[in-house]
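Be aware that the sequence shown starts at 1, since it is given in our numbering, and climbs by one per residue.
Encoded as structure tokens, the structure appears first; notes follow it.
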Amino acid sequence: MLKGISHTGIAVKNLDEAIKVYQALGAELGEIHDAPESGMRAAMVSAGGDTLELIEPVGDGGVIAKFIESRGEGIHHLCIEVDDIRKMLAELAEKGVRLIDNEPRQGIEGMVAFIHPKSMNGVLIELLEK
């Protein structure tokens, strides 16, 4: 079952500069996470009950670097929190939804899996179970 929108992921070239811009808008900085195994560094910023995940490529950059290279900085994904990610993935697969991850993996905030944008009207969806 869907619990609600957790955050919107935004790909940025420079995390420190992006944090400054969002803080100037009144956003509060949460935790900064280094995830070199995923080729990224991320910061959670929040304002008015909404959260943004600012994501910077590091090292070879992985998927975030490729995203910025092909599309430029901007909205990367929408994260939806679910109560049982394995059950959700099974139900989606059964209905023919194209998944990027057939099994959940450890993310910054909990277990995550991605749904392919071709199945979601062009939007990359991250499922999150905290």
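From the three backbone atoms N, C-alpha and C, an ideal C-beta is built for every residue, glycine too.
Nearest candidate by alpha-carbon position, reference residue i, set the options
{"i": "G122", "options": "N102, E109, R98 and M40", "result": "R98"}
{"i": "K95", "options": "I115, V82, M111 and G110", "result": "I115"}
{"i": "Y22", "options": "D34, S119, K118 and E53", "result": "E53"}
{"i": "F67", "options": "G49, G26 and M40", "result": "M40"}
{"i": "S46", "options": "E28, K118 and P117", "result": "E28"}
{"i": "A93", "options": "A43, S119 and I19", "result": "S119"}
{"i": "D34", "options": "L25, E56, E17 and I19", "result": "E56"}
Three-way DSSP call (helix, strand, coil) for residue i in this model
{"i": "V129", "result": "Looking at the sequence provided, one finds Glu at residue 129 rather than Val. Strand at E129."}
{"i": "E17", "result": "helix"}
{"i": "L2", "result": "strand"}
{"i": "L124", "result": "coil"}
Contacts around residue i, its chain only, beta-carbon distance under 8 Å, and the 5 residues preceding and following it disregarded
{"i": "L128", "result": "S6, C79, I80, E81, V82, I85, G107, E109, G110, M111 and V112"}
{"i": "L89", "result": "L99, D101, N102, E103, P104, A113 and L127"}
{"i": "L25", "result": "A47"}
{"i": "T51", "result": "S6, H7, T8, G30, M44 and V45"}
Close Cβ partners of residue i (< 7 Å) along its chain, the five nearest in sequence each way excluded
{"i": "G72", "result": "none"}
{"i": "G59", "result": "P36 and G39"}
{"i": "P117", "result": "V123 and L124"}
{"i": "L15", "result": "R41, A43, L54 and E56"}
Presumed contact (8 Å Cβ cut-off) between residue i and residue j, rounded CB distance
{"i": "G74", "j": "I10", "result": "7 Å"}
{"i": "A42", "j": "I19", "result": "Contact doesn't hold; Cβ gap of about 11 Å is too wide."}
Proximal residues to residue i (C-beta, below 6 Å), its chain only, five neighbours per side dropped
{"i": "M1", "result": "D83"}
{"i": "H77", "result": "G9, L124 and E126"}
{"i": "V12", "result": "A18, L54, E56 and E73"}
If we require 4 or more residues per run, which alpha helix (DSSP H) segments fall completely within the segment 9–90? 15–24 and 62–71
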